[in-house]
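*Asks:*
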Amino acid sequence: MNREDKIDYLIDQLLAENPGYASIPRPVDIREKRRLLRSLMNVRFPGPVSPEVLKVQDELLREELEEKGVVDIKKLPAIGDEYPCTEIKNADRIILWQGDITRLRADAIVNAANAQMMGCFVPCHGCIDNAIHSAAGLQLRNECAQIMEEQGHEEPTGKAKVTGGYNLPAGHVIHTVGPIVGKEVTVQQIEQLKSCYKSCLKLAERHNLKSIAFCCISTGEFHFPNKLSAETAIHIIDKYLSTSNVERVVINVYKNEDYNIYKKLFL
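The opening position of the sequence shown corresponds to residue 1 in UniProt numbering, with each subsequent residue numbered one higher.
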């Protein structure tokens, strides 16, 4: 099968799972077909998937990853090589990188999850939770659902869980629930954000993961102030690394605003 054949096949299989999808129009353009496929993956509830569907899905996602290009964090320069970093003790182990976190080859990447811990169900939503689940594949939601079923309750803010990475270049995904900020950030929410970073680092160490890439937890849909988030992240990461076996920590930013905030903190 070529790429379009794979997309058509996967659309057919996912549409067939739900009789209510019978009226959904089939796009002609391959880009719209791919968007429909992502939407169907996003809204699909956890459940068994046939080996053939997973095989075709995995082939498609890995082809797309190859096109995007994998970024090996071992080859990225540390902030100590690029900035003065006079206040940062572990500048040789911290990396600032701007781009798509689903391209990073690391032992783990961090997902800013919600309390249900099963990914974003909004079709093609722009959040990192949606991006990570869409790139990892249907297996990720199924594993998350199993973890949550065994846990029996929503994930508390500031805590974290680890899963496989599946079709991501990262070996694992560490899912953490950040605080949701209203009009003003509270002292409790600052402590909860600190706990997110600590929980992820502790989990990485517990699983003998030597490298981890953090997204900007809570700064998007959860409205945590960007500058305060960056200051909090750097403080916790640098302090933790001083007594940790974790070798490399990537601060992954996507927006120019966050990139510029971190650069100023390092100067």
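Note that beta-carbon positions come from the ideal geometry of N, C-alpha and C, so glycine has one too. None of the values given here were measured: they were computed from a predicted structure.
Fully enclosed by the stretch 71 to 106, which beta strand (DSSP E) runs are 3 residues long or longer?
*Replies:* The stretch 71 to 106 contains these whole beta strand (DSSP E) runs: 94 to 98.
*Asks:* Tell me, please, whether the CB atom of VAL173 is closer than 8 Å to any CB atom in chain C?
*Replies:* Of the protein chains in the structure, only one exists, and it is not chain C.
*Asks:* Given 8 Å as the limit, is there contact between the stretch 172 to 185 and the stretch 203 to 223, that is, 3 or more CB pairs closer than that?
*Replies:* Yes: the two stretches touch, three or more of their Cβ pairs being nearer than 8 Å.
*Asks:* Which one of LYS55, LEU138, SER199, CYS127 has the shortest CA to CA distance from PRO156?
*Replies:* It is SER199.
*Asks:* What is the C-beta distance between HIS133 and ARG141, in whole angstroms, given that I count them as a contact (C-beta under 8 Å)?
*Replies:* 6 Å between Cβ atoms; contact.
*Asks:* Let's test the definition: count the other Cβ atoms within 10 Å of the Cβ of ALA131 and tell me whether it reaches 16, buried, or not, exposed.
*Replies:* Counting Cβ neighbours within 10 Å, ALA131 comes out buried, since at least 16 surround it.
*Asks:* Please return the same chain residues whose Cβ sits closer than 7 Å to the Cβ of ALA115, not counting the five positions on each side in sequence.
*Replies:* GLU154, GLU155, VAL177.
*Asks:* Inspect the beta-carbon positions of CYS215 and ILE128 and report whether they are closer than 8 Å.
*Replies:* Yes.
*Asks:* Express the C-alpha separation of GLY99 and ASP92 in angstroms, rounding to a whole number.
*Replies:* Computed Cα separation, rounded: 21 Å.
*Asks:* Do ARG105 and ASP72 have their beta-carbon atoms positioned less than 8 Å apart in this structure?
*Replies:* Yes, they are a contact pair.
*Asks:* Where does SER50 land, buried or exposed, given buried means 16+ other C-beta within 10 angstroms?
*Replies:* Classification of SER50: exposed, given that the 10 Å Cβ count is below 16.
*Asks:* Let me confirm a value: ASN226 is counted as buried when at least 16 other C-beta atoms fall within 10 Å, else exposed. Which label applies?
*Replies:* That one is buried.
*Asks:* Using a Cβ-Cβ cut-off of 7 Å (strictly less than) and excluding sequence neighbours within five positions of GLY85, which residues of its own chain qualify?
*Replies:* The question names Gly, yet the displayed sequence has Cys at residue 85. Contacts found: ILE79, ALA91, PHE266.
*Asks:* Can you give the Cα-Cα distance for GLN13 and ALA22, rounded to whole angstroms?
*Replies:* Taking the straight line from one Cα to the other gives about 12 Å.
*Asks:* I believe LEU61 touches ASN167 by the beta-carbon criterion, under 8 Å. Please report the beta-carbon distance rounded to the nearest angstrom.
*Replies:* Yes, they are in contact, since the Cβ atoms of LEU61 and ASN167 sit about 4 Å apart, within 8 Å.
*Asks:* Indicate whether ASP232 and LYS264 have their beta-carbon atoms separated by less than 8 Å.
*Replies:* The sequence as given places Thr at residue 232; Asp does not occur at that position. Cβ atoms of THR232 and LYS264: not closer than 8 Å.
*Asks:* On the three-state DSSP scale, how would you describe PHE121?
*Replies:* Here PHE121 sits in coil by DSSP.
*Asks:* Given a cut-off of 8 Å, decide if TYR262 and VAL253 are closer than it, judged by their beta-carbon atoms.
*Replies:* Going by C-beta atoms, VAL253 is nearer than 8 Å to TYR262.
*Asks:* From the DSSP output, read off the bridge partner residues of SER211.
*Replies:* DSSP, once it has assigned bridges, lists ARG248 as partnering SER211.
*Asks:* From the DSSP output, in three-state form, read off ALA233 for me.
*Replies:* Three-state result, ALA233: helix.
*Asks:* Suppose contacts are defined by Cβ-Cβ distances below 8 Å. Is CYS196 in contact with ALA160 by that definition?
*Replies:* It is a contact, given that the beta carbons lie within the stated cut-off.
*Asks:* My output table needs one value for GLY69: the three-state DSSP class, helix, strand or coil.
*Replies:* Reduced to three states, the DSSP call for GLY69 is coil.
*Asks:* Determine whether the beta carbon atoms of ASP238 and GLY137 lie at a separation below 8 Å.
*Replies:* Cβ atoms of ASP238 and GLY137: not closer than 8 Å.
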